[in-house]
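Chains as they are written, first to last, in the numbering used here: chain W, 781 to 896; chain Y, 2 to 111. As structure tokens, the structure follows; a few thoughts come after it.
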Amino acid sequence: DSGVTQTPKHLITATGQRVTLRCSPRSGDLSVYWYQQSLDQGLQFLIQYYNGEERAKGNILERFSAQQFPDLHSELNLSSLELGDSALYFCASSVGTVTSRGGEQFFGPGTRLTVL
Amino acid sequence: GQNIDQPTEMTATEGAIVQINCTYQTSGFNGLFWYQQHAGEAPTFLSYNVLDGLEEKGRFSSFLSRSKGYSYLLLKELQMKDSASYLCAVSHNYGQNFVFGPGTRLSVLP
Numbered sequence: 781d782s783g784v785t786q787t788p789k790h791l792i793t794a795t796g797q798r799v800t801l802r803c804s805p806r807s808g809d810l811s812v813y814w815y816q817q818s819l820d821q822g823l824q825f826l827i828q829y830y831n832g833e834e835r836a837k838g839n840i841l842e843r844f845s846a847q848q849f850p851d852l853h854s855e856l857n858l859s860s861l862e863l864g865d866s867a868l869y870f871c872a873s874s875v876g877t878v879t880s881r882g883g884e885q886f887f888g889p890g891t892r893l894t895v896l
Numbered sequence: 002g003q004n005i006d007q008p009t010e011m012t013a014t015e016g017a018i019v020q021i022n023c024t025y026q027t028s029g030f031n032g033l034f035w036y037q038q039h040a041g042e043a044p045t046f047l048s049y050n051v052l053d054g055l056e057e058k059g060r061f062s063s064f065l066s067r068s069k070g071y072s073y074l075l076l077k078e079l080q081m082k083d084s085a086s087y088l089c090a091v092s093h094n095y096g097q098n099f100v101f102g103p104g105t106r107l108s109v110l111p
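Below, the structure written as structure tokens:
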């Protein structure tokens with residue numbers, strides 16, 4: 781158990797809908813990262829927050845948004861869902877940023893999103 | 002941008018030693034991480050290299066050469082449970098500052 785929690789574990793929805801994925805980092809970790817992993821692709825970095833502020837942005841679609849709250853939990857919002865958005869979404873946390881030894885990331889169990 | 006290459010698949014025998022290579026091209030290099038990911042599960046951290054040389058941690062070791070843009074993960078005394086994907090990830094100090102490679106799927110055979 782990494783100490784990172786994600787809810788829900790599974791989500792099934794229809795095209796055009798909007799969903800929210802939630803992540804609670806390990807106690808004491810200030811950074812939260814979001815990743816997307818499709819069957820035929822590796823881990824795609826979406827976005828990072830550090831202590832409530834956006835720190836880095838990857839290949840995140842405009843239909844997707846995220847935020848980190850004062851208690852450091854984070855939410856990833858996916859809207860106007862398409863079939864291709866079906867994937868495993870991971871949240872990870874770290875003490876510091878990836879630019880330091882404290883940057884090793886601890887991953888949550890993931891949310892499996894299925895868009896029908 | 003960054004480009005990270007790893008072999009797609011490798012096969013080895015239980016008890017043997019296997020070396021998984023990773024080559025990368027990036028600017029502002031800040032460190033290289035190795036993660037293990039079993040099918041359907043979350044990645045777990047294995048090692049971190051920021052300076053040239055070998056870092057040893059039990060049966061796993063990781064090597065880095067910054068001048069060559071090259072790293073490898075060495076797994077000794079292979080066990081069946083080591084069958085998994087091994088992901089190399091590079092950290093750099095601008096923009097999208099953390100990029101995972103495509104991963105190497107290792108199969109350990111009896």
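Using N, Cα and C, we set each Cβ at its ideal position, and we do this for glycine too. These figures come from a predicted structure and were not determined experimentally.
*Cys89 (chain Y) to Ser873 (chain W), Cα distance in whole Å?*
18 Å
*Measure the C-alpha to C-alpha separation of Leu810 (chain W) and Asn831 (chain W) and round it to an integer number of angstroms.*
5 Å
*asked:* Quick check on the burial criterion: 16 or more other C-beta atoms within 10 angstroms. Buried or exposed for Pro850 (chain W)?
replied: exposed
*Can you tell me whether Gly102 (chain Y) is buried or exposed, with buried defined as 16 or more other CB within 10 angstroms of its CB?*
buried
*Measure from the C-beta of Pro44 (chain Y) to each C-beta in chain W and report whether the shortest distance is under 8 Å.*
yes
*Grouping DSSP H, G and I as helix and E and B as strand, with all else coil, what is Asp6 (chain Y)?*
strand
*Mind pulling the chain W residues with CB within less than 8 Å of Phe64 (chain Y)?*
Here the premise fails: no neighbours, minimum Cβ distance about 17 Å.
*Under the three-state reduction of DSSP, which class applies to Lys82 (chain Y): helix, strand or coil?*
helix
*Which whole-angstrom value describes the C-beta separation of Ser62 (chain Y) and Leu75 (chain Y), a residue pair presumed to lie in contact below a C-beta threshold of 8 Å?*
4 Å
*Listed from N- to C-terminal order along the chain, which residues in the stretch 10–34 of chain Y have their beta-carbon within a distance smaller than 8 Å of any beta-carbon of chain W?*
Asn31, Gly32 and Phe34
*Report the neighbours of Pro889 (chain W) on chain Y: residues whose CB is nearer than 8 Å to its CB, in chain order.*
Glu42 and Ala43
*By how many angstroms is the C-alpha of Ala43 (chain Y) removed from the C-alpha of Gly888 (chain W)?*
6 Å
*What separation, rounded to the nearest whole angstrom, lies between the Cα atoms of Phe30 (chain Y) and Pro805 (chain W)?*
26 Å
_According to DSSP, Glu57 (chain Y) sits in a beta bridge with which residue or residues?_
Y:Ser62
*Taking 8 Å as the CB-CB limit, is Tyr87 (chain Y) close to chain W?*
no
*asked:* So, for Gln797 (chain W): in the same chain, excluding its five sequence neighbours on each side, which residues have a beta-carbon less than 7 Å away from its beta-carbon?
replied: Leu861
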